[in-house]
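Worksheet: one structure, shown below.
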Amino acid sequence: MSEKVGVYICHCGANIAGVVDVAALSHWAGELPDVAVARDYKFMCSSLGQELIEKDIQELGLTRVVVAACSPHLHEATFRNCCKRAGLNPYLFEMASIREQVSWVTANKTVALEKSKALISGAVHRVIHNQALEPIIVDINPNVLVVGGGITGIQAALEIADAGYHVYLVEREPSIGGHMAQFDKTFPTLDCSACILTPKMFSAGTHPNITLLTWSEVEKVDGYVGNFTVKVRQKARKVNTELCTGCGICEQKCPKKVIDTVFEAGMGLRKAVYTPFPQAVPKYPVMDVQNCTFFQKGTCKACEKFCPTGAIDFKQEDKVVSFDVGNIILATGWDLFDCRRIPQYGYGRLANVYNSLEFERLSNAAGPTGGKVILRDGVTVPQSVGIIHCVGSRDKNYNPYCSAICCMQSLKFAHLVKEKTGAQVYNFYIDIRTPLKAYDEFYQHILETDETRFVRGKVAEVTDAARLPGEEGKLIIQVEDTLIGKQRRIPVDMVILSAGLEPRHDAKEVAKLFGIGCSADQWFIERHPKLDPVATMTEGVFVAGVCQGPKDIPLSVTQGAAAAARVIGLVNRKQVSLEPVRASVNAEQCSGCRICNNQCPFNAISFLVDKGVSEINPALCQGCGTCVAACPAGAITGSHYTNAQILSQIEGILEVELGQREAVPA
Amino acid sequence: MAKPKFAMYWAASCGGCEIAVLNIAEKILDVDANFDVVFWPVAMDAKYKDVEGMSDGEITLCLFNGGIRNDENERLAKLLRKKSAVLVAFGSCANEGCIPGLANLTSGKAVIETAFSTVSTDNPHNVRPAYDYPAAEGELHIPRMYETLKTLDQVVPVDYYMPGCPPESHQIATVIDLVIAALKGEAKLPPAGAVIGAGNSTVCDECSRKRSEKLIKEFRRTWQIPMDQQECLLEQGILCSGMATRSGCNARCPAANMPCIGCYGPAPDVVDQGARMMSAVSSVIDSKDPAEIERILDGIVDPAGTFYRFGLASSLLHRAKAQ
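Just so you know, the protein sequences line up as chains R and S, in that order.
Under my numbering, think of the first position of the first sequence as 997, with each following residue one higher.
Under my numbering, think of the first position of the second sequence as 255, with each following residue one higher.
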């Protein structure tokens, strides 16, 4: 077998040519066995550079192409397409990274040239063993699963449903709405949060193209882009939704009151059978079995007695439903940082230290105090309030990242406190970050009109131990005011901790369930942080909203819509072509040892009992190579990463490397 | 017409391969009937100069066992290559280095030191071998030992590979039948470079034990547990190399309730049997906790000796880094 390889060396302006002697490299490469032509050019990725390659393929009859340039991550697709246009199978192309792996990591021109040679030699050796591969074409199921019924998920679901496709919207809580339903006002416009959210909730609840699955969780996901099968557990509401009219009588009659730690953030009470808030969608209540008198003591049944439609069903069980979708959007949101983790701020110990969600409920007209900002005694209006920024954020002891929303949230709190109580407000901040539309104007407005004091410094402690006159009965905020270079003790009546956003406590399990990755902080990982922010490395699974990283409502809505647009685009294509880099089992060589059976992160491997061999579903396989490495018999081959390809690449590299050194002793 | 000529030679090996050939019982008579045995040091008297006197390719079939440990081994390998029409790397040592190849984990000097100084060595005067000795009759020489043990095909081109430590008698018999049939024009020899006298998958294929998905919490040695006769040994925590070892032995060790130790070498198309074993075994450790994983791995007392018991000299690395 004799191949005609073309080697193309990119200058990348001065990025590569500034360090690597591209002319010498090109001359050297031209002398390699099987290399028919070697050229260097200023920008291989430019249309002129690509035309150069195309022309050579056609005129010189090249059968393989190597481009030594940036990284495959950046331009592999570019050059594959270039080969394809010239009639060469795109997989007969190989890239050598002489920018990221050479010119950007050394200034030494001698070693740069040698390493470039080694990488090109490896690529030339490898490309000869490359095989022509054809993409795998599969149909796309037009149905879509959206996980998470917060504002992001609602937005995504509505966009897709309006485009004419069916959406299954799965929400863990009894109602959609998410955190936004808990908020009082939204920054910087101070719109009433519920007023702008509930119409969208209503639309989602009544849209003919949306199947709402609340009080439900996804249990299992099988399949691949275009063809996922999803199992969802619908937790027993103990209320027959076919009969329930949402009249609320059961809730009125239920004698059991429970502290509502979810929707009311522990600030208010709910019943054992309840809807979390009056505008809940759907309107059907759920029964809290752990707190229901009937379930705990065997008597009561007040709800059943008074229900006018006989909808209460104590015997109702969880139901697992299964359906097929083509794409999935994860919009699972966030958990609030637990302020108890910073004991010196006194949260959970000092009554009048609140976290941000508690304050939202306190300030909310539909909340437990009817929107009155009062202390925990239920009567006292605070005269002074301290708002501490960056609680649990930008702190290497807790979370290193900025939670993005806390500055604006704190400014909003400052405004609301001032408006409702006239109290003196202090903001304790490290930096004020107000970068988006109308945000800084809001900050300036607070600065100018609200007489709010801003203290730049990280709060050391919130204490009730008075030391100085005027501190008795107060919460004292101990802080270094870095702008005046002094320690200060500021007595206040109320402290609001602007707690950061954290990934959901079960983000890692959810990521695993859907076959996507989590960052070290456990935010879901997008395919590319700048250029592909809502896709993931798993085709057909998208992420949107805070589950991908901290962001505010406008950005979450944008991402929800963006993910929806990506999905609609895919569904409109009706078919998707999958990268043919897949693993396959050679049944002759497989002895059914079953080592690989539990290795596949995509559940693509099944064991055929009758044949005694394992088999890989090529559509499910994502080409990760885990099973290829695990197979002790060498019976599994990963196409485009065959032994021949990898070993010849190593040989090619070592040929150059060892040429520089003495041979290994005999 | 003169009978085709047969030769068998041992280089760095234990002699088990020779016994395996004799162990084919009455089939040895077929060898004698069909071949003229011209050179077989263990079985008959022969001199190297007799071989040197032969014309090139005169020996029809040469079974070469043992690895290349010293200059005499290498000289004979080259000589027999030249004089043989068909040279077979016979048995694990010639194929992949086998137990002598484990010396590649250390240096030639350390091997000599160990051999002449361990507690079990009876060496009251603490002598060491000398390559050259001026005896009264004249200067005496013994072969010079190499730093690295090499496999036969690392020294000369090899026509066929016959794995096993030693190759199973039924496989030897089959190969002999095939060669005889080929000589009579009744059969065709496989293409050069082929592995003969072995199967094309792994020992698991011939093993009748029940297998399911593997999740290992603890590795155990054979004496530590009463082994179940039916269940896959690896699933019981016994390091069995069957899954990474070429078939052909009828899974004799697992059938006798002992783990496969890997003597038939890597499966077809596998380059490095030990690496395959390691990556397979590490894939099925049932823990995500680093400390627990360490503890589980501590159950593998001799990783190099376990995974590279036979294949170190032919592995990707060949040897530990030379000093």
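Glycine is no exception: its CB is placed at the ideal position from the N, C-alpha and C atoms.
These figures come from a predicted structure and were not determined experimentally.
Does the Cβ of residue i have 16 or more other Cβ atoms within 10 Å, making it buried, or fewer, making it exposed?
i	result
R/ASP1052	buried
S/CYS486	buried
R/ALA1659	In this prediction, R/ALA1659 has a pLDDT of 39, which is less than 50 and means its spatial position is unreliable; what the coordinates show is noted afterwards. Burial call: exposed.
S/GLU391	exposed
S/LEU403	buried
R/LEU1358	buried
R/GLY947	Since the first residue of chain R shown is 997 and the last is 1662, residue 947 of chain R is not available in this structure.
S/SER466	exposed
R/VAL1016	buried
R/ALA1662	Confidence is the limiting factor: at R/ALA1662 the pLDDT is only 38, short of 50, which leaves the residue's position unreliable, though a coordinate-based value still follows. R/ALA1662 is exposed by the Cβ-count criterion.
R/CYS1191	exposed
R/THR1257	exposed
S/ASN380	exposed
R/LYS1253	exposed
S/MET298	exposed
S/TYR490	In the sequence on display, residue 490 of chain S carries Gln and not Tyr. Flag for S/GLN490 reads buried.
R/LYS1301	exposed
S/TYR302	exposed
R/PHE1290	buried
I'd like to check one pair, residue j with residue i: are the Cβ atoms closer than 7 Å?
i	j	result
R/ALA1327	R/GLY1083	no
R/VAL1277	R/MET1197	yes
R/ILE1591	S/VAL538	yes
R/VAL1269	R/GLU1247	yes
S/LEU333	S/VAL305	yes
S/ARG506	S/ALA452	no
R/CYS1589	S/MET512	no
S/PHE318	S/TYR400	no
S/PRO421	S/ALA274	yes
R/GLY1634	R/ALA1583	no
R/ILE967	R/PHE1424	Look at the range of chain R in this structure, 997 to 1662, and you will see that residue 967 of chain R is not part of it.
R/PHE1603	R/MET1404	no
R/ALA1559	R/ALA1152	yes
R/ALA1687	R/ALA1019	Outside the shown range of chain R (997 to 1662) lies residue 1687 of chain R, about which nothing can therefore be said.
S/ALA446	S/ASP413	yes
Taking Cβ-Cβ distances shorter than 9 Å, what residues in chain R pair up with residue i?
i	result
S/LYS468	CYS1589, ARG1590, ILE1591, ASN1593 and ASN1594
S/ARG323	The contacting residues do not exist; S/ARG323 stays about 12 Å from chain R at best.
Applying a beta-carbon distance threshold of less than 8 Å, which residues of chain R neighbour residue i?
i	result
S/ARG530	CYS1627, PRO1628, ALA1629 and GLY1630
S/MET497	SER1587, CYS1589, ILE1591, PRO1628 and ALA1629
S/ARG335	Within chain R, no residue comes near S/ARG335; the closest Cβ sits about 18 Å away, beyond 8 Å.
S/CYS458	SER1587, GLY1588, CYS1589 and ALA1629
S/ARG465	GLY1588, CYS1589 and ARG1590
S/ALA436	Per Cβ cutoff of 8 Å: no residues; S/ALA436 is ~25 Å from chain R at best.
List, in chain order, every chain S residue whose beta-carbon is nearer than 9 Å to that of residue i.
i	result
R/LEU1643	VAL525 and LEU570
R/GLU1584	ASN454, SER455 and PRO522
Note down, in chain order, every chain S residue with its Cβ under 7 Å from the Cβ of residue i.
i	result
R/ASN1639	ASP523 and VAL525
Please compile the residues from chain R whose C-beta is within a distance smaller than 7 Å of the C-beta of residue i.
i	result
S/VAL538	ILE1591
State whether the segment 355-364 of chain S contacts the segment 437-445 of chain S, with contact taken as three or more CB pairs (one from each stretch) at a distance under 8 Å.
-> Look at the beta carbons and you see the segment 355-364 of chain S not touching the segment 437-445 of chain S: under three pairs across the two are nearer than 8 Å.
Is the segment 1473-1482 of chain R touching the segment 1438-1457 of chain R, taking contact as three or more C-beta pairs under 8 Å?
-> They touch, by the three-pair rule.
Could you tell me whether the segment 1292-1309 of chain R touches the segment 1128-1135 of chain R, where touching means 3 or more Cβ pairs closer than 8 Å?
-> No: fewer than three Cβ pairs fall under 8 Å.
How about the segment 528-546 of chain S and the segment 1627-1636 of chain R: do they share at least three Cβ pairs that are nearer than 8 Å?
-> Here the segment 528-546 of chain S lies against the segment 1627-1636 of chain R, with 3 or more beta-carbon pairs under 8 Å apart.
Ordered list of alpha helix (DSSP H) runs contained in the segment 1472-1549 of chain R, each at least 4 residues = Qualifying alpha helix (DSSP H) stretches, in chain order: 1503-1510.
Any chance you could list the alpha helix (DSSP H) runs of at least 4 consecutive residues sitting entirely within the segment 451-486 of chain S, in chain order?
-> Given a length threshold of 4 residues, each whole run of the alpha helix (DSSP H) inside the segment 451-486 of chain S is given here in chain order: 457-460.
Starting from the N-terminal side, write out each stretch of the alpha helix (DSSP H) that is 4 residues or longer and does not extend beyond the segment 414-454 of chain S.
-> If we require 4 residues or more, the alpha helix (DSSP H) runs fully inside the segment 414-454 of chain S come out as 423-437.
Along the chain, which unbroken stretches of the alpha helix (DSSP H) at least 4 residues long are found entirely within the segment 1579-1635 of chain R?
-> Taking only runs of at least 4 residues, the alpha helix (DSSP H) segments lying wholly in the segment 1579-1635 of chain R are 1622-1626.
Hey, which unbroken runs of the alpha helix (DSSP H) at 4 residues or more fall wholly within the segment 326-383 of chain S?
-> Counting whole runs of 4 or more residues, the segment 326-383 of chain S contains the alpha helix (DSSP H) stretches 346-350, 352-355 and 362-371.
Considering only residues of the segment 1190-1234 of chain R, which uninterrupted alpha helix (DSSP H) runs meet the minimum length of 4 residues and lie entirely inside it, listed in chain order?
-> As far as the segment 1190-1234 of chain R is concerned, it has no whole alpha helix (DSSP H) run of at least 4 residues.
Taking three-plus beta-carbon pairs below 8 Å as touching, is the segment 1220-1239 of chain R in contact with the segment 1307-1321 of chain R?
-> Contact check between the segment 1220-1239 of chain R and the segment 1307-1321 of chain R: three or more CB pairs, one atom from each, fall below 8 Å, which counts as touching.
Using 8 Å as the threshold, is the segment 1419-1436 of chain R in touch with the segment 1377-1396 of chain R, meaning 3 or more CB pairs across them?
-> Contact holds: three or more Cβ-Cβ distances are below 8 Å.
Hey, is the segment 1598-1616 of chain R in contact with the segment 1637-1655 of chain R, meaning 3+ C-beta pairs nearer than 8 Å?
-> Short answer: they don't touch.
Determine, using beta-carbon pairs with one atom in the segment 1536-1552 of chain R and one in the segment 1332-1339 of chain R, whether at least three such pairs fall under 8 Å.
-> Contact between the segment 1536-1552 of chain R and the segment 1332-1339 of chain R is absent, because fewer than three Cβ pairs lie under 8 Å.
Count the CB pairs spanning the segment 1539-1548 of chain R and the segment 1509-1528 of chain R that are closer than 8 Å, and state whether there are at least three.
-> Judged by Cβ distances under 8 Å, the segment 1539-1548 of chain R makes contact with the segment 1509-1528 of chain R, as three or more pairs qualify.
Is the segment 1074-1090 of chain R close to the segment 1110-1130 of chain R, with three or more CB pairs under 8 Å?
-> Enough Cβ pairs lie closer than 8 Å, so yes.
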